[in-house]
Amino acid sequence: MHPVAGMVALLWLSFSLPAHAGLFNDDEARRAVLELRVTVDAQKQELADLRKRMDALETNDNGRLELVNQIEQLRQENAKLRGQLETLTYQLAETQRRQKDLYADLEARIAKLEPQSVSIDGKEAKVEQKETLAYESAYALFKNGDFKGAISALNNFLKTYPSSAYAPNAQYWLGNSYYALNDFKQSIVIQQQLLDAYPDHPKAPAAMLNIASSQLQLNDKKAARKTLETLLKTYPKAPEAVSAQERLKNLP
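All letters in the sequence shown, in the order written, are residues 104 to 355 by the numbering used here.
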């Protein structure tokens with residue numbers, strides 16, 4: 104039993120005993136009874152208030168417990184959401200990285216397909232990367248002395264890229280490849296094609312000088328003289344003009 108409740112019971116017990124009333128006179132008894140009643144009423148109210156406070160405290164404890172449970176549940180849910188957020192953030196970063204790599208790869212592939220600006224004989228030109236590789240591979244064969252291989256590669260290049268900015272150079276090295284194999288007639292044919300198609304190309308004077316060399320190899324001095332004179336007249340400022348002048352001096 105609660106202490107306050109025990110006190111109230113004790114007070115009521117003492118009030119109810121007959122012997123207790125005999126200790127006072129009437130006025131004193133009435134005053135004592137009133138005082139006791141006031142005290143008992145006060146104690147009752149105090150007990151009621153205390154019980155209310157106890158009930159309120161118990162209610163609050165339950166509320167606190169429920170609140171604690173809610174907070175714990177929210178904490179767990181929050182931790183779970185943080186975990187999901189971290190996973191999604193990682194997946195997003197990986198996706199972005201893969202997309203970046205994919206875009207870089209696509210851009211590289213597109214760049215290979217798109218024409219590129221290159222300088223050919225001092226002039227800017229647009230060529231495809233595979234076109235450049237094909238020409239450079241064929242030219243490398245010529246430089247390495249594989250003239251048969253160069254003839255095959257250069258012919259294939261000219262068939263594949265007839266309008267290429269590399270075409271005049273490919274034609275020139277093709278003529279030189281035939282010359283290196285002592286096929287002077289075919290060398291003349293190829294170099295003349297270059298002159299007919301690209302008379303103003305930087306390789307034109309060299310092609311004409313090569314024709315004269317082939318004609319001399321064929322012992323056609325008359326044709327060689329005419330070709331050298333044409334070279335001096337057409338390309339007087341070209342470096343090949345100096346060589347043409349020297350050769351003319353040596354012709355009978």
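Glycine is no exception: its CB is placed at the ideal position from the N, C-alpha and C atoms.
Starting from A228, follow its DSSP beta bridges and name the residues at the other end. V221
Less than 6 Å between C-beta atoms, sequence neighbours within five positions excluded: which residues of the same chain meet that for L331? A315, A347, R350 and L351
With DSSP run on the structure shown, which of helix, strand or coil describes D363? Beyond the ends of the chain as shown, which are 104 and 355, falls residue 363; an answer cannot be given.
What separation, rounded to the nearest whole angstrom, lies between the Cα atoms of L170 and A182? With a pLDDT of 49 at L170, under the threshold of 50, the predicted position of this residue should be treated as unreliable, and no value is reported.
Given this structure, state the Cα-to-Cα distance separating Q274 from V345, to the nearest angstrom. 23 Å
Nearest to E217 (by Cα), restricted to the options Q318, Y193 and K233: K233
In terms of residues, what are the limits of the alpha helix (DSSP H) holding P355? Neither: P355 is in no alpha helix (DSSP H) and is coded neither H nor E.
Starting from D299 and walking both ways along the alpha helix (DSSP H), at which residues does that stretch end? F287 to A300
Which word fits S280, buried or exposed, when buried means at least 16 other C-beta atoms lie within 10 angstroms of its C-beta? buried
Of the choices Q194, T235 and P302, whose alpha-carbon is the least far from that of L261? T235
Compare the C-alpha of M311 against each of N322, L321 and S290 and name the closest. S290
Spatial neighbours of I223 in its chain, beta-carbon cut-off 6 Å, leaving aside the 5 residues before and after: A268
Quick check on DSSP: helix, strand or coil for N258? helix
CB-CB under 8 Å to E343, same chain, minus the five flanking residues each way: which ones, in chain order? P308, A309, M311, L312 and L334
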